Amino acid sequence: MVPARPAAPLHQPRVLLTGFDPFGGEALNPSWLAVQALQGRQVGGHRLVAVQLPTVFGASLRVLRAALRQHRPALVICVGQAGGRAALSLERVAINVDDARIPDNAAAQPVDTPVVANGPAAYFSTLPIKAMRLALQRDGLNAEVSQTAGTFVCNHVFYGLMHELATRRGLRHTRGGFIHVPWLPEQGSPSMALDDLVRGLRGAVRCALATPIDVVQAAGALD
Ligand code: PCA
Numbered sequence: 019m020v021p022a023r024p025a026a027p028l029h030q031p032r033v034l035l036t037g038f039d040p041f042g043g044e045a046l047n048p049s050w051l052a053v054q055a056l057q058g059r060q061v062g063g064h065r066l067v068a069v070q071l072p073t074v075f076g077a078s079l080r081v082l083r084a085a086l087r088q089h090r091p092a093l094v095i096c097v098g099q100a101g102g103r104a105a106l107s108l109e110r111v112a113i114n115v116d117d118a119r120i121p122d123n124a125a126a127q128p129v130d131t132p133v134v135a136n137g138p139a140a141y142f143s144t145l146p147i148k149a150m151r152l153a154l155q156r157d158g159l160n161a162e163v164s165q166t167a168g169t170f171v172c173n174h175v176f177y178g179l180m181h182e183l184a185t186r187r188g189l190r191h192t193r194g195g196f197i198h199v200p201w202l203p204e205q206g207s208p209s210m211a212l213d214d215l216v217r218g219l220r221g222a223v224r225c226a227l228a229t230p231i232d233v234v235q236a237a238g239a240l241d
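Listed below in structure tokens is the structure:
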């Protein structure tokens with residue numbers, strides 16, 4: 019009989035990674051393929067947990083909240099596809115608006131509605147985005163800080179995540195943010211290979227865990 023693998027210790031801290039299902043008529047979503055490849059991996063003493071979110075306003079946040087309750091992660095990075103971008107985009111800010119140019123996967127297309135009624139206008143990422151950009155660039159990857167996550171389901175999830183982290187007592191010490199990834203080569207150009215997406219996300223997690231306070235870079239450095 020094959021001995022059962024010892025269960026991971028219950029107290030082992032976790033990192034939650036989320037990706038989305040395909041949307042807008044595409045056959046795949048690189049955000050999910052990349053985080054799925056990291057499921058169960060260990061980084062910096064933490065276990066990575068991958069969860070898929072539907073590309074649907076509302077439902078995506080219900081799945082995310084359930085995952086936060088279940089895993090109580092130390093760190094959360096939500097990941098989405100941004101077709102047309104060439105770099106791994108470390109998002110700086112989530113804004114309190116849903117404004118969809120195309121329908122979501124449940125055919126909803128909200129226009130100019132808040133993610134959270136009476137919530138603050140915006141939340142900043144609590145990930146060390148400058149340190150992460152530096153770490154990824156040193157690994158030879160194309161990485162940038164992005165000033166907008168758009169107004170579709172990715173921004174919706176990013177805002178909803180930061181609102182949960184800001185308002186739930188049990189998540190007071192959890193840091194979180196959002197990374198947009200380019201298309202895969204088979205989807206169009208510009209693109210990034212799946213191996214590089216996976217390497218980049220693993221490097222982003224490693225850097226975030228090792229960097230409690232973001233670095234300050236001289237204006238324009240490495241841009
Ligand atoms: N990208 C979309 C939603 C799902 C995804 O992967 C966005 O940028 O809003």
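Basically the working numbering = 1-based index in the sequence shown + 18.
Positions of the beta carbon are idealized from the N, C-alpha and C atoms, including for glycine.
Treat the numbers as computed from the prediction; the structure is a model and nothing was measured.
Next on the checklist: On the CB-based measure, 16 or more other CB atoms within 10 Å of its CB, does residue 234 come out buried or exposed?
Outcome noted: exposed
Checklist entry - So, are the CB atoms of residue 100 and residue 198 less than 9 angstroms apart? => result yes
Item to check | Local conformation of residue 188 per DSSP, three classes | outcome: helix
Checklist entry - Where the beta carbon is closer than 6 angstroms to any heavy atom of the ligand PCA, which residues qualify, in chain order? => result 38, 41, 47, 49, 73, 98, 99, 100, 168, 170, 171, 172
Checklist entry - How many angstroms separate the CA atom of residue 204 from the CA atom of residue 103? => result 15 angstroms
Item to check | Residue ranges of each beta strand (DSSP E) within the region 106-166, 3 or longer | outcome: 106-109, 111-113, 140-142, 161-164
Item to check | Closest residue to residue 161 among 214, 193, 143, 123 (Cα-Cα distance) | outcome: 214
Checklist entry - So what does residue 64 bridge to, in DSSP terms? => result 61
Item to check | Among 172, 226, 44, 107, the one whose alpha carbon lies nearest that of residue 36 | outcome: 172
Checklist entry - When the Cα of residue 200 is compared with those of 48, 121, 216, which residue comes out closest? => result 48
Checklist entry - Nearest-angstrom Cα distance between residue 34 and residue 136? => result 27 angstroms
Checklist entry - Can residue 95 and residue 175 be called in contact, C-beta distance under 9 angstroms? => result no
Item to check | Through-space distance from residue 65 to residue 143, alpha-carbon basis | outcome: 21 angstroms
Next on the checklist: For the structure I just gave you, are there three or more beta carbon pairs, one from the region 181-191 and one from the region 149-157, closer than 8 angstroms?
Outcome noted: no
Item to check | Neighbourhood of residue 97 by C-beta, 7 angstroms cutoff - its chain only, sequence neighbours within 5 removed | outcome: 35, 36, 37, 49, 52, 53, 197, 199, 219
Item to check | Where residue 205 falls: helix, strand or coil (DSSP) | outcome: helix
Next on the checklist: Give me the residue from 39, 29, 45, 225 with the minimum Cα distance to residue 206.
Outcome noted: 45
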